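In the UniProt record's numbering, the protein residues as written are 1 to 201.
Ideal Cβ placement from N, Cα and C applies to all residues, glycine included.
All values derive from a computational prediction rather than experimental measurement.
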C-alpha cells in the first residue's frame, strides 16, 4: 500500500494512494481546484481535445436526457483513445492501438454535484478498468475533485500474463490521470481568462 498526502500552509491540497492485492488494483486521488463548482462543470465539457491528453482522439455523445422532476442531466459518451500497448500484450490478447471507453455523466445543478463513471469497452473480455470521478463544491467556493479506479484481470490467465496486463493498465491509468489533471487545469485557466476578457469593465 502506498499513500501520499500533500499540504500547503496547513491546507489540504492533494491526496494520492495506490494499493493492490493479488487479484485487483485500486487507485485514488483527490485535489482542490481553485475555481467554483459551476466553472469546473462548464470546463468539464471543454476538456477535449487537449494537447496534454493526446491519447483521447474522439468523443461521441450517445444519449443525453434531463430528468423533468430533479433537473439532473445524464449524458452518455463513447471516448475513442489511441494508446500503444507493449508488443507482448498485442500478440497475446490481440487488439490494436485504438481503444474505446464508455462514459456516463450525471450533473445535478440543484445539489451541485457532478459524477462521471467510465469503463473500458476494448479488451473487456480480459480486464476491466472501472473509474469514478466526482466534483463537489467546498465552503470557500473551490471544487474538490475525487477520482477512484479499480483495475482487474477478468479471466483465469496465466498468473504472469494476468499480473503483466494489470501492471500495464495501472501504469497507463496513472500516466493518463496525471496528464488529465494537468490538461484540465489548463482548460479551467483558459476558460477563466476568456470570461475575464469578455466581461464588461
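Excluding residues up to 5 positions away in sequence, 79, 118, 120 lie with their Cβ nearer than 6 Å to the Cβ of residue 101 in the same chain. About 5 Å separates the beta carbon of residue 141 from that of residue 36, a gap short enough to meet the 8 Å contact definition.
In this chain, the alpha helix (DSSP H) harbouring residue 93 covers 87–93.
Distance from the CA of residue 61 to the CA of residue 46, rounded to the nearest whole angstrom, comes to 14 Å. In the DSSP annotation of this structure, the continuous segment of the alpha helix (DSSP H) that includes residue 43 starts and ends at 37–44. Taking residue 183 as the centre and dropping the five residues before and after it, the same chain places the C-beta of 47, 50, 51, 52, 53 closer than 8 Å to its C-beta, in chain order. Distance from the CA of residue 200 to the CA of residue 194, rounded to the nearest whole angstrom, comes to 12 Å. Counting along the chain, the unbroken beta strand (DSSP E) around residue 132 starts and ends at 127–137. Short of 8 Å from the beta carbon of residue 43, and not among the five residues preceding or following it, lie these beta carbons of its own chain, in chain order: 35, 184, 187, 188, 191.
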